[in-house]
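Chains as they are written, first to last, in the numbering used here: chain G, 2 to 293; chain V, 593 to 1047. The beta carbon of each residue, even a glycine, is placed where N, CA and C say it ideally should be. This structure is a prediction, so every number in the text was calculated from the model and none was measured. Scroll down for the structure; my scribbles are underneath it.
So this is what it looks like as structure tokens:
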């Protein structure tokens, strides 16, 4: 190491370090501290009162929170499952070196480039029970008009479809990149040995694609659990609480009711759940790396 | 060496903070549209080349930052008046429009920002129930400027004073009175009913799916509150007892909720529980629905647009049957205590809301002024024939949770619970209302008001 190198490294790192402390570390630490206080900013003159872990304990009795947690997980699991299946199929199509692959890739990107709020408004109109295009098209199949976002039973599946539509390219492109990284020699050798396409897929492509699949799952799980803008613009959490995701629940607690202590505790509880999932997937990736 | 480096870093840091501070100061309240300074043309000087005398305007150099409730009927007049006020007084008005959902966080941030925050805000007075300690009491200014409130609707006077349990103190000046009446198609409903039974009859007569329906409403959770209150209040009970015990889950509450569900199930287009205000407004204006229960602004936009309006002038406004009323609010101005220019701020408000301008806004922008006599003005009546029915609705209007700082914690769960019942998530209205009453009690318990509940 050059003389003074360490010192100058610290000097140059200091501004960004300070920025990180002010912009990220301080708010997080502050919100963690606030999660142990009862503090409603709506009440004039109210001051934070230390309540220990009461805010965390109340989460387990909070039916609205638990219901939101359930809805969020259903949304996340169903959406990611379909994104994976369809995404894998599309990734295989994209990897097939067809003439239309280039155009196909461009079209695949379009939903991903649209702002979530625009996506929400767009699909809200498509789902409109009286004027929506979706009801118009399903009428050709003999299906009567559906009420979609106005129905407690159909609203969540309707939002899941939008999530699948918009974020499908993430899965497709990550998996396509994973397929491209598989050495072609393996496929060729398997073909010479007389393996069929399906066997090659199950015994070569899919196992070698595992790291890419894990990464895609990791990214999508984090994203789906945080879902806010699309559902807010489409349903505002309704009808009733049919689409009231955890992010909406915490937003309401924190930025509508200004119940800062409870909102902070709910946020941290949610963060811990996401972290545990994240750690599980990262360990999967690391385990594979070590095994090699 | 270490010390030198530490000193250099400290200086860099200090200088950065200073620049950062300056930047923050300039960006504290983002300006969406500013009243453009009007450059007056120099009059041609023909005879004497004297030094032109520049008359300094009263508030030259003063800048007022105003937060305006986006989409409120006052938004366009405020922009227009800001320019006039600049021309007249020299005070520059910076306007930021904010969607209702973001008003509470914006006001909180503004209070934290102190002098660098807004000078004035324009939105529903409910926000003042929470923020009144940060607002300027307006009574001394009302007196100083001889501001006339004698001709206001009774509701504007009664519910505008005493916020924060400070007797006779006023923190807000209303520019428009907002209540959700019933808009009805006069071709389809030549005679508007006065009873709920009659109301349901005309809705049934006009429901012929999928071509036409009786009623258009916004059904997303937060928008269902007023339809429920209209039915509940028409049955005669207040929302709470004077000592803050919920009455909403009594038999009238159950009846009101059932009435609303029957109406929505039988006489509205499919999917209204996913509709927001514009969907409902458009459905009335394009003739799909014979009536519309909702805010005026959301339907007038469509009725004023020839491309959207398929019913022409065949519409009128009436109050709910049997004395029912949706929750009343208004759009009021309030001044933050931290403003450096309270007089300029009050003058802006006073001039915007004086009788002359209120009439002008009523004619040009359908702004629902709190000045009652304006509704009887022939010029206003010619421009806004619907004001006649709206005046009747304002005469019986009342707010929900008047003066309660945690009003939003009572209001939003109401919509959610009503929506739960309407959507079938909860099938027993008594269960839904008991849950709602428990939520209200919990919210009230956080800071039990020291005054009696009153409507």
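Within the DSSP bridge table, the entry for residue 769 (chain V) names V:922 as partners. Within the model, the alpha-carbon separation for residue 66 (chain G) versus residue 81 (chain G) is close to 22 angstroms. Within the same chain, and ignoring the five residues on either side of residue 178 (chain G) in sequence, the residues whose Cβ sits closer than 8 angstroms to its Cβ are 213. One thing to note: residue 1028 (chain V) has its Cβ no nearer than 8 angstroms to the Cβ of residue 769 (chain V). Close to residue 926 (chain V), with beta-carbon spacing below 7 angstroms, lies no residue of chain G; the smallest spacing is near 14 angstroms.
Taking the CA atoms as reference points, residue 708 (chain V) sits about 13 angstroms from residue 659 (chain V). The three-state secondary structure of residue 51 (chain G), taken from DSSP, is strand. Taking the C-beta atoms as reference points, residue 889 (chain V) is found nearer than 8 angstroms to residue 665 (chain V).
Straight-line spacing of the CA atoms in residue 719 (chain V) and residue 140 (chain G) works out to 47 angstroms.
Around the beta-carbon of residue 1015 (chain V), 16 or more other beta-carbon atoms lie within 10 Å, marking it buried. Look at residue 1022 (chain V): its C-beta is not under 8 angstroms from any C-beta on chain G.
Sequence-distant Cβ neighbours of residue 248 (chain G) in its own chain, meaning closer than 7 angstroms and more than five residues away, are 227, 228, 229. Taking 8 angstroms as the threshold, the shortest C-beta distance from residue 259 (chain G) to chain V falls below it. DSSP, read as helix, strand or coil, puts residue 112 (chain G) in helix. For a cut-off of 8 angstroms, the C-beta gap from residue 866 (chain V) to residue 150 (chain G) is around 3 angstroms, short enough to register as a contact. Under a criterion of Cβ atoms nearer than 9 angstroms, no residue of chain V is adjacent to residue 10 (chain G); the nearest Cβ is some 13 angstroms distant. Residue environment analysis places residue 775 (chain V) among the buried positions, since at least 16 neighbouring C-beta atoms fall within 10 angstroms of its C-beta. Close CB contacts of residue 35 (chain G) within its chain, under the 6 angstroms cut and outside five residues either way in sequence, are with 261, 262, 265 (chain order).
Judged by DSSP in its simplified three-state form, residue 727 (chain V) adopts strand.
Separation of the CB atoms of residue 163 (chain G) and residue 231 (chain G) is rounded to 6 angstroms, and the pair is thereby assigned contact status at 8 angstroms.
Nearest to residue 1002 (chain V) by C-alpha distance, out of V:1013, V:721, V:881, is V:721. Here residue 951 (chain V) carries a helix assignment [DSSP, helix/strand/coil]. With the rule of 3 Cβ pairs closer than 8 angstroms, the region 699 to 715 of chain V does not count as touching the region 989 to 1006 of chain V.
Linking residue 762 (chain V) to residue 958 (chain V) through their CA atoms gives a straight-line distance of about 26 angstroms. Sequence-distant Cβ neighbours of residue 251 (chain G) in its own chain, meaning closer than 8 angstroms and more than five residues away, are 264, 267, 268, 271.
Separation of residue 219 (chain G) and residue 117 (chain G) (C-alpha to C-alpha, rounded to the nearest whole angstrom) is 20 angstroms.
Per DSSP, reduced to three states, the secondary structure at residue 182 (chain G) is coil, with no helix or strand assignment. Remark: C-beta atoms of residue 861 (chain V) and residue 875 (chain V) approach each other more closely than 8 angstroms. Taking a C-beta distance under 8 angstroms as the contact criterion, residue 913 (chain V) and residue 826 (chain V) qualify as a contact pair. When the five nearest sequence neighbours on each side are left out, the beta carbons in the same chain lying within less than 6 angstroms of the beta carbon of residue 811 (chain V) are those of 864, 865, 867, in order along the chain. One thing to note: residue 188 (chain G) has its Cβ within 8 angstroms of the Cβ of residue 205 (chain G). For the 8 angstroms CB-CB criterion, residue 1047 (chain V) and residue 830 (chain V) form a contact. Residue state for residue 659 (chain V) is assigned as strand, using DSSP reduced to three classes.
Within chain G, the C-beta atoms nearer than 8 angstroms to that of residue 880 (chain V) come from 131, in chain order. Selection V:1033, V:1039, V:1041 evaluated against residue 837 (chain V) yields V:1033 as nearest (Cα-Cα).
With a contact defined as Cβ atoms closer than 8 angstroms, residue 180 (chain G) and residue 96 (chain G) qualify at about 4 angstroms.
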